[in-house]
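Undergrad: Residue numbers (full-length UniProt numbering): 1 to 294.
Glycine included, every Cβ here is placed at the ideal spot set by N, Cα and C.
(1) Apply the 10 Å Cβ neighbour rule to residue 30 and answer buried if 16 or more other Cβ atoms are within range, or exposed otherwise.
(2) Buried or exposed: residue 269, going by 16 or more other Cβ atoms within 10 Å of its Cβ?
(3) If you run the structure through DSSP and keep just helix, strand and coil, what is residue 76?
(4) Does DSSP classify residue 24 as helix, strand or coil?
(5) Is DSSP giving residue 15 helix, strand or coil here?
(6) Considering just the uninterrupted stretch of the beta strand (DSSP E) at residue 137, what are its terminal residues?
(7) Just confirm the distance between the C-beta atoms of residue 180 and residue 141, as a whole number of angstroms; I'd bet it's less than 8 Å.
(8) Grab the span of the beta strand (DSSP E) containing residue 45 for me, first residue to last.
(9) Among the candidates 225, 148, 199, whose CA atom is the shortest distance from the CA of residue 95?
(10) Where does residue 287 land, buried or exposed, given buried means 16+ other C-beta within 10 angstroms?
(11) Just the Cα atoms here: how many angstroms apart are residue 137 and residue 235?
(12) Check whether the stretch 65-77 and the stretch 40-56 touch, using three or more Cβ-Cβ pairs below 8 Å as the test.
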């Protein structure tokens, strides 16, 4: 079964031989180590991050080189780009952005449009590459809920995100969207953007996931939510959780993933988690996994 086909099926709310799997972020790796980890995970998708505001032209050039490396591969290749809200916070601070909304709303609106135009320029360059999808990465919430009121997000942020989504759709690419934190209060708004995949929902228990599923069912695929903080030898508990989540999203479109970015200190548990996933779907025996960092 081809990797790309698994992801395409998930976007359509279908499962082929198994759900597709892959990570939003694999940080701190050389290209060689990233390829090694992708093989260990049996991943179907790869996300290449492009953030010129953070990494500068040199980092952007490196990202484009990585996209070229994966072109022609069987991986579903996704370009990850920053959104608009968190970039405004990174440049202004959260306090200044909140104050501008109240006292200088038009100035903040112009600032957001400038950020969005940067993203448009990046998307124009991405049109030169054979990517299969675009991941918009924009942290809109913290653990207690949205960082700005839903009303403020609707007035200032979502219109700019909608422009980006429309551009990506015109390129013929599916839109993946990630936010940290508790985004349930704004979930209908995110769905109204017409994104194809939602990633995040870190730390939710099964009952909370059931509520999320009812909201997104038929409107977007679900990606993620497996926490990497577990004992690697606790196969019974992890497999039970896998079974519950798989059954919940079986007919809704599902992409297996952890609930956030992966850092080097979590690689061992990540590999263990993916082995449990493959055992569940393919009948592999859980065995002592390779130490990736050895």
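TA: Considering the structure as presented:
(1) exposed
(2) Its Cβ being crowded by 16 or more others within 10 Å, residue 269 is buried.
(3) strand
(4) coil
(5) coil
(6) 133-137
(7) 7 Å
(8) 45-49
(9) Relative to residue 95, the option among 225, 148, 199 whose CA is nearest is 148.
(10) Residue placement at residue 287 cannot be trusted, given a pLDDT of 44 that sits under 50; what the coordinates show is reported in the next sentence. Under this definition residue 287 is an exposed residue.
(11) Going by the C-alpha atoms only, they are around 32 Å apart.
(12) yes
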